[in-house]
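Reading through the structure tokens given below for one structure.
Residue numbers (our numbering): 65 to 585.
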């Protein structure tokens, strides 16, 4: 067993044997989910306190306010100011969590489990991170990752961006070359484990060549999209995994006995290199990257791996990444460090293809794309066969903030014009600024239709019933055939709530409800 894994296992064994005062009493006062949320926040603060500069310079987890909540139960603010509107001191029965803490009982604002950035609390802007049915490891990773996005909002330069939905997930050339990149990154990480610098350098050079070749031979919006996402999500994944790798070294007297849950986590999950290898292997399962993993899930571990490789090469890349902008690329820094230039690209790609059975990757990519399309058609048929009220909402896609939480597979089709998810724990569209329109779904599926030429959006979902409808402040029953203009609308069912203070049209007929906020002009 590698020496690092032995150290991790011994650390967990020692930590689990340490006595923790008052555990039984605390466990009586707090539910299992409350303990999990508090443990995650407590560990996050201690990580910042003990390993501040080892994660990301300036990402001060022991000082920046951390907002976490359990829907309809409470919200808390770690590293809190002396007071904040809507908050008070925590219950007396709560343990000392070794940081300034403020407490809000019950539901906070309109939060029902979704992630919300730039949540205003007096003069603060925080990320509201909700807890929904997660273990400690997963919630801790989520908390570290999403709070780094809040840090990015204030401290990163302008990050280039393109619409994720428009990513060409059914392009076999792009998918095959991206699969080759994943293989090369995995091989580079494995070489580091064997202390084989020469092989690691070779695989990194090949990766840079394939990356630059792919970016030169695909539509420019793909390069711009990936460039932005690697800065945004690649760095966040790096920070998340770097912080988790430090958890076993944290030393403090916890009043919550967090090791009870983390002791069962596989040691490889807390070793950054091994965890990244595992992530890359899962992304490249069955010899190809599944189309649904191409636009986002692939980029997380790829970007984080590029960061690890830059660390390995001794490149001070984090300040450069934080400047962001189109001038920054991970591949560019790696290539510069190893002397890759444009004249090397073709030969590096040829070697990478020959050494890694590229023809097989291409064939399996085509098969995966065909199977994906069949799967989408099947999922769409199931979605369309639902009973109950079919609600269709048409609105402009401009100035909308979308947040969601779901374990279900997300289907994209037809260049992102159709997006389908069979189930969402939470899905929300909220207008910005002003919040004059909110569409909130819980525990149900939805389909989005996007018209990229007009930037209009249509959201479709099903509800078993309509429990209330108010038009311009007056109750109304949606029975028979109805068509009404409105200035304000409040429509509610068991799985959704729509609140709008903008004019539109609502019509209902035979279980079909259409709400149209599009300007006819």
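Beta carbons: idealized from backbone N, C-alpha and C, even for Gly.
Going by other Cβ atoms of all chains shown within 10 Å of its Cβ, with 16 needed for buried, is residue i buried or exposed?
i	result
residue 252	buried
residue 579	buried
residue 237	exposed
residue 514	buried
residue 278	buried
residue 407	exposed
residue 111	buried
residue 538	exposed
residue 463	exposed
residue 398	buried
residue 337	buried
residue 448	exposed
residue 371	buried
residue 296	buried
residue 177	buried
residue 512	buried
residue 146	exposed
residue 346	exposed
What do you reckon, are the CB atoms on residue i and residue j nearer than 8 Å?
i	j	result
residue 320	residue 99	yes
residue 139	residue 168	yes
residue 524	residue 540	no
residue 318	residue 106	yes
residue 240	residue 425	yes
residue 355	residue 432	yes
residue 303	residue 133	no
residue 193	residue 210	yes
residue 344	residue 365	yes
residue 270	residue 395	no
residue 556	residue 518	no
residue 130	residue 205	no
residue 440	residue 300	no
residue 207	residue 108	yes
residue 294	residue 367	yes
residue 275	residue 245	yes
residue 226	residue 292	yes
What does DSSP give as the partner residues of residue i in its beta bridges?
i	result
residue 381	Residue 381 pairs with nothing; no bridge assigned.
residue 168	139
residue 580	458, 569
residue 514	521
residue 475	484
residue 564	501, 553
residue 183	190
residue 548	570
residue 539	534
Take residue i as the anchor and find which of the options has the nearest alpha-carbon.
i	options	result
residue 552	418, 563, 370, 544	563
residue 272	393, 524, 314	393
residue 183	93, 170, 148	148
residue 503	237, 448, 543, 559	559
residue 150	185, 177, 156	185
residue 481	387, 341, 231	231
residue 467	124, 181, 93, 95	181
residue 126	153, 165, 538	165
residue 286	360, 254, 472	360
residue 157	357, 275, 187, 95	95
residue 493	477, 487, 485, 521	521
residue 203	97, 391, 113	97
residue 265	437, 374, 153	374
residue 235	208, 357, 497	357
residue 478	472, 497, 436	436
residue 574	543, 101, 568	543
residue 379	401, 229, 154	401
residue 229	423, 476, 245	476
residue 497	465, 473, 485, 484	465
Could you tell me whether any Cβ in chain C is nearer than 8 Å to the Cβ of residue i?
i	result
residue 469	Here there is only one protein chain, and chain C is not present.
Can you name, in chain order, every residue of its own chain whose Cβ lies under 7 Å from the Cβ of residue i, other than the five neighbours on each side?
i	result
residue 571	546, 547, 578
residue 566	500, 501, 581
residue 290	363
residue 243	348, 352, 353, 425, 429
residue 342	332
residue 505	488, 491, 525, 559, 560
residue 217	181, 182
Ignore the nearest five residues each way along the sequence and tell me which others in residue i's own chain have a CB closer than 6 Å to its CB.
i	result
residue 526	450, 452, 454
residue 386	220
residue 282	238
residue 569	549, 580
residue 85	Because residue 85 carries a pLDDT of 38, less than 50, the predicted location of this residue cannot be relied on, and the following value inherits that uncertainty. Cβ neighbours of residue 85 beyond the five flanking positions: none.
Kindly list the residues whose CB is nearer than 8 Å to the CB of residue i, restricted to its own chain and excluding five residues on each side of it in sequence; keep chain order.
i	result
residue 88	Legend: pLDDT at residue 88 = 44, less than 50; position of this residue unreliable, value from coordinates given subsequently. Answer for residue 88: no residue qualifies.
residue 118	306, 310
Is any non-hydrogen atom of the ligand COA found closer than 7 Å to the C-beta of residue i, if you look at the structure I gave you?
i	result
residue 109	No copy of the ligand COA occurs in the structure displayed, which carries no ligand at all.
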